[in-house]
Amino acid sequence: MNPIHTHTTLKLTKRLRRLRHSESMRALVRETRLSADMFVLPLFVCEGEGVRREVPSMPGVFNLSVDQAVRAAEEAVAAGVRSVLLFGIPDHKDDIGSSAYDPEAPVQSAIRAIKREVPGVLVITDVCLCEYTDHGHCGIVIDDEIANDPSVDQLVRASISHAAAGADIVAPSDMMDGRIGAIRQALDERGFENTAILSYAAKYCSAFYGPFRDAADSAPKFGDRRSHQMDPANAAEALREVELDIEEGADIVMVKPALPYLDVVTRVKERFGYPTAAYHVSGEYSMLKAAAQHGWIDERRAMLECLTAIRRAGADIIVTYYAVDAAKAL
Ligand code: PBG
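Residue 384 is where the sequence shown ends in this note's numbering, and the numbering goes up by one at each step.
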């Protein structure tokens, strides 16, 4: 006998499927929503003019000269994305990362140009030395070690120079101890008390930064970043990092990468209640791109699912190379 015709009707008081019955019903009870203004678009700014060079391991992401970075910011704003995060790729690198605070370097020039030509856009700058040192480390190397305090001095110089060029937010990503307090104090002493600090507070030593180092030409020439970036196995330590950065004056705290660390995002948001950002990093982006290029996943759905998961975990702000695509897809 055909079971379809002989089934019993269960006497259920709860049927959770009712609320999944139509798209209007699903939209009515949806718990998590994305909006374009929570996205931050990273831009890699290089020297020259008219340069728009695709990063091989990050399809759809480009090294851009200042004029092209301005166009990218315009495109972002047109799609509803209101914040950009600038990374510099200078021609000149040395052992102290001096281009990080050169007022004519790509980032400083891009800050001024974007502020001038794209009104309303929020300019955030990555503060680190790895894109500026010839050895590719995030700080000053002394006796094969990344020396904390001398590195902080350099990060302070970079932050001041970004603020002086007009950055709204400086975002230290180096993971040196004490840099948030030092940067806050130096900014305040120079009248930049309205320049905010987004701290990469819980930044893990992750394999998912691989494609970024391709984009920013910042892979370390020797050694690795394990003496300053966090061990992926630790979460309680992330809370200590965040707590210290807040004490030192961070306005926004970030967890990075995003998807492999959603538990950390949730705990940081619940514990501190601060504006919390998560960085959907290069490797997370490139994995989706590569699978999509093979036809193995539906890129649009996978992208929105990942970003929704990051939001659901508690992130208020998502840094993602998908910012413009996602904003258009909403
Ligand atoms: C350091 C920095 C890195 C990223 C952001 N800032 C690289 C690193 O720590 O090696 C990674 C971002 C990404 O992978 O998308 N300036």
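Just so it is clear, CB atoms sit at the ideal spot from N, CA and C, and this is done for glycine as well.
Inset, instruction - Enumerate in chain order the residues of its own chain whose CB-to-CB distance from residue 231 is below 7 Å, with the five nearest sequence positions on each side excluded. - result: Here residue 231 is taken as the residue at index 177 of the sequence shown, counted from 1. Only 202 meet the Cβ criterion.
Inset, instruction - Compute the minimum distance between the beta carbon of residue 185 and the heavy atoms of the ligand PBG, and state whether it is under 7 Å. - result: Looking up residue 185 in the sequence shown gives position 131. For the ligand PBG, at least one heavy atom lies less than 7 Å from the Cβ of residue 185.
Inset, instruction - Spell out a yes or no on whether the region 207–219 and the region 227–245 are touching, meaning 3 or more CB-CB pairs, one atom from each, closer than 8 Å. - result: The region 207–219 makes contact with the region 227–245: 3 or more CB pairs, one atom from each, lie closer than 8 Å.
Inset, instruction - Please look up how many angstroms separate the CB atoms of residue 94 and residue 122, rounded, as I've assumed it's under 8 Å. - result: Indexing the sequence shown from 1 puts residue 94 at position 40. Indexing the sequence shown from 1 puts residue 122 at position 68. Not a contact, Cβ separation roughly 19 Å.
Inset, instruction - Would you kindly work out how many angstroms separate the C-alpha atoms of residue 86 and residue 254, rounded to a whole number? - result: Counted from its first residue, the sequence shown places residue 86 at position 32. Counted from its first residue, the sequence shown places residue 254 at position 200. Straight across, the Cα-Cα distance linking residue 86 with residue 254 is about 24 Å.
Legend entry - At least three beta-carbon pairs within less than 8 Å, the region 129–143 to the region 363–382: The region 129–143, when compared against the region 363–382, does touch it at the 8 Å Cβ threshold.
Legend entry - Pick from 168, 321, 170 and 60 that is closest to residue 447, judged by C-alpha positions: Nothing about residue 447 can be read from this structure; the chain reaches only from 55 to 384.
Inset, instruction - Return the residue from the list 189, 131, 62 and 185 that minimises the CA-CA distance to residue 402. - result: The question about residue 402 has no answer here: the residues shown for the chain are numbered 55 through 384.
Inset, instruction - State yes or no: is the C-beta of residue 262 nearer than 7 Å to some heavy atom of the ligand PBG? - result: The residue labelled residue 262 in the question sits at position 208 within the sequence shown. Answer for residue 262: yes, Cβ within range of the ligand PBG.
Inset, instruction - Would you mind reading off the limits of the alpha helix (DSSP H) that contains residue 234? - result: Counting from one through the sequence shown, the residue named residue 234 turns up at place 180. Taken as a continuous stretch (DSSP letters only), the alpha helix (DSSP H) holding residue 234 covers 233–243.
Inset, instruction - Verify the contact flag: residue 180, CB atom, against every heavy atom of the ligand PBG, threshold strictly below 7 Å. - result: Along the sequence shown, one-based indexing puts residue 180 at 126. Because some heavy atom of the ligand PBG lies under 7 Å away, the Cβ of residue 180 counts as near it: yes.
Inset, instruction - Take residue 96 and list the residues in its own chain whose beta-carbon comes closer than 7 Å to its own, dropping the five residues that flank it on each side. - result: Walking along the sequence shown from the start, residue 96 turns up at place 42. The beta carbon of residue 96 sits closer than 7 Å to the beta carbons of 139, 141, 373 and 375 from its chain, once the five residues preceding and following it are set aside; these are given in chain order.
Legend entry - residue 165 in three-state terms, based on DSSP: In the sequence shown, counting from the first residue as 1, residue 165 sits at position 111. Looking at residue 165 - three-state DSSP - the assignment turns out to be helix.
Inset, instruction - Can you have a look at residue 239 and say buried or exposed, based on whether 16 or more other CB atoms are within 10 angstroms of its CB? - result: Position 185 of the sequence shown holds residue 239. Around the C-beta of residue 239, fewer than 16 other C-beta atoms lie within 10 Å, and the residue is accordingly described as exposed.
Inset, instruction - Using beta-carbon positions only, say whether residue 181 and residue 218 come within less than 8 Å of one another. - result: Residue mapping note: residue 181 aligns to position 127 of the sequence shown, counting from 1. Residue mapping note: residue 218 aligns to position 164 of the sequence shown, counting from 1. No, they are not a contact pair.
Inset, instruction - Give the range of the alpha helix (DSSP H) segment to which residue 374 is assigned. - result: By 1-based counting over the sequence shown, the position of residue 374 is 320. Here residue 374 belongs to no alpha helix (DSSP H); instead the beta strand (DSSP E) covers 371–374.
Legend entry - Cβ distance (whole Å) where residue 220 is taken to contact residue 169 below 8 Å: The residue given as residue 220 occupies position 166 in the sequence shown. The residue given as residue 169 occupies position 115 in the sequence shown. The pair is a contact, with the Cβ atoms about 5 Å apart (cut-off 8 Å).
Legend entry - Length-filtered (3 minimum) beta strand (DSSP E) runs lying within the region 181–230: Within the region 181–230, the complete beta strand (DSSP E) runs of at least 3 residues are 194–196, 199–201 and 223–226.
Legend entry - Buried or exposed (CB count within 10 angstroms, at least 16 for buried), residue 361: Within the sequence shown, the letter at position 307 stands for residue 361. Residue 361 is buried by the Cβ-count criterion.
Legend entry - Beta bridge counterpart(s) of residue 96 as assigned by DSSP: For this step, residue 96 is matched to residue 42 along the sequence shown. Answer by DSSP bridge pairing, in chain order: 139.
Inset, instruction - Note the first and the last residue of the continuous beta strand (DSSP E) segment covering residue 251. - result: Residue mapping note: residue 251 aligns to position 197 of the sequence shown, counting from 1. DSSP places residue 251 inside the beta strand (DSSP E), whose first and last residues are 250–257.
Inset, instruction - Please state whether DSSP places residue 179 in a helix, a strand or coil. - result: Taking the first residue of the sequence shown as 1, we reach residue 179 at position 125. In the structure shown, residue 179 sits in a strand (DSSP, three-state: E or B).
Legend entry - The beta strand (DSSP E) enclosing residue 308, as first and last residue numbers: Your numbering for residue 308 matches position 254 in the sequence shown. According to the DSSP assignment, residue 308 belongs to the beta strand (DSSP E) that extends over 306–310.
Inset, instruction - For residue 349, count neighbouring C-beta atoms within 10 Å of its own C-beta (all shown protein chains included) and say buried if the count is 16 or more, exposed if not. - result: As a working note, residue 349 is residue 295 in the sequence shown. Classified as exposed, residue 349 has fewer than 16 neighbouring CB atoms from the shown chains inside 10 Å of its CB.
Inset, instruction - Report yes if the C-beta distance between residue 120 and residue 157 is below 8 Å; otherwise report no. - result: Reading the sequence shown from its first residue, position 66 is the one you call residue 120. Reading the sequence shown from its first residue, position 103 is the one you call residue 157. No, the Cβ-Cβ distance between residue 120 and residue 157 is not below 8 Å.
Legend entry - Residue-chain proximity (residue 252, chain D), Cβ-Cβ < 8 Å: Absent from the structure is chain D; it holds one protein chain and no more.
Inset, instruction - May I ask you to report which of helix, strand or coil DSSP gives residue 338? - result: In the sequence shown, counting from the first residue as 1, residue 338 sits at position 284. Under the three-state reduction of DSSP, residue 338 is assigned to helix.
Inset, instruction - Check the C-beta distance from residue 351 over to residue 312 and give it rounded, since I have them as a contact under 8 Å. - result: Stepping through the sequence shown from its first residue, residue 351 is reached at position 297. Stepping through the sequence shown from its first residue, residue 312 is reached at position 258. With 8 Å as the limit, residue 351 and residue 312 do not qualify as a contact, their Cβ atoms being about 18 Å apart.
Inset, instruction - Give the DSSP-derived three-state secondary structure of residue 106 in the structure shown. - result: In the sequence shown, the residue the question calls residue 106 occupies position 52. Three-state result, residue 106: strand.
Inset, instruction - Specify whether the region 332–345 and the region 276–285 touch according to this definition: at least 3 beta carbon pairs, one from each stretch, less than 8 Å apart. - result: The region 332–345, when compared against the region 276–285, does not touch it at the 8 Å Cβ threshold.
Legend entry - Beta-carbon spacing of residue 306, residue 250 below 8 Å: Along the sequence shown, read from residue 1 onward, the residue named residue 306 stands at position 252. Along the sequence shown, read from residue 1 onward, the residue named residue 250 stands at position 196. When the beta-carbon positions are compared, residue 306 and residue 250 come within less than 8 Å of each other.
Legend entry - DSSP-derived helix/strand/coil call for residue 116: Taking the sequence shown and counting its residues from 1, one reaches residue 116 at position 62. In the three-state reduction of the DSSP assignment, residue 116 falls in the strand class.
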